[in-house]
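Asks: Following this message is one structure expressed as structure tokens.
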Amino acid sequence: MKLCHFEAGLDQPLFLIAGPCVIESEQLAIDTSGRLKEITSKLGVPFIFKSSFDKANRSSGQSFRGLGVDQGLSILAEVRRQVGVPVLTDVHEDTDIDQVAAVVDVLQTPAFLCRQTNFIH
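The sequence shown begins at 127 in my numbering and counts up by one.
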């Protein structure tokens with residue numbers, strides 16, 4: 127199977143999906159993805175940048191959830207453009223899927239949502 131042009135499977139080398147849990151700013155996303163790209167390139171490890179525009183599954187209702195879909199997707203697009211790495215984010219509502227899929231390379235469904243019928247269908 128391929129994921130962002132990387133071969134994925136039990137007989138394939140490890141690749142890294144990493145980044146801040148939630149997007150806090152464009153500069154942090156650019157800096158973090160750039161540094162991770164440098165490290166993984168030196169190690170020969172394929173890399174996909176991951177961060178969330180809206181982290182709905184926080185441990186506290188008062189916690190920072192993110193910058194929202196519009197600003198978050200704009201930042202993910204900039205990471206992809208400026209740093210040149212594939213990007214991954216999670217979706218928490220099926221209404222966002224088409225908009226998000228137009229920007230990112232990989233959509234992730236959080237584990238606690240994988241049995242919701244609107245995601246399955």
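From the three backbone atoms N, C-alpha and C, an ideal C-beta is built for every residue, glycine too. Predicted, not measured: the structure shown is a model, and the values here were computed from it.
1) Gln-225 lies in the alpha helix (DSSP H); which residues open and close that run?
2) If you reduce the DSSP assignment to three classes, tell me which class Val-171 lands in.
3) Pick from Ile-156, Ile-174, Gln-153: whose alpha carbon is nearest that of Thr-131?
4) Can you tell me which of the three DSSP states Lys-181 falls into?
5) Kindly provide the ranges of any beta strand (DSSP E) runs that are 3 or more residues long and lie completely inside the region 191-221, ordered along the chain.
6) My output table needs one value for Gln-234: the three-state DSSP class, helix, strand or coil.
7) Rounded C-beta distance between Glu-250 and Ile-165? I'm assuming under 8 angstroms.
8) Within the same chain, show all residues whose beta-carbon is closer than 7 angstroms to that of Thr-158, passing over the 5 residues directly before and after it, in chain order.
9) Measuring only the C-alpha atoms, how far is Asp-224 from Ser-177?
Replies: In terms of the structure at hand:
1) Along the sequence shown, read from residue 1 onward, the residue named residue 225 stands at position 99. Segment 223-227, the alpha helix (DSSP H) holding Gln-225.
2) Indexing the sequence shown from 1 puts residue 171 at position 45. In the structure shown, Val-171 sits in coil (DSSP, three-state: anything other than H, G, I, E or B).
3) If you number the sequence shown from 1, residue 131 lands on position 5. The sequence shown places His at residue 131, rather than the Thr named in the question. Of the candidates Ile-156, Ile-174, Gln-153, the one whose C-alpha sits nearest the C-alpha of His-131 is Ile-174.
4) Locating residue 181 in the sequence shown gives position 55, counting from the first residue. It is coil, neither helix nor strand.
5) 213-216
6) Along the sequence shown, one-based indexing puts residue 234 at 108. Three-state DSSP puts Gln-234 in a strand.
7) The requested residue 250 does not occur in the structure, where the chain is confined to residues 127 to 247.
8) For the purposes of this step, residue 158 is taken as residue 32 along the sequence shown, with counting starting at 1. Gly-145, Pro-146.
9) Within the sequence shown, residue 224 is the residue found at index 98, counting from 1. Within the sequence shown, residue 177 is the residue found at index 51, counting from 1. Taking the straight line joining both Cα atoms gives about 18 angstroms.
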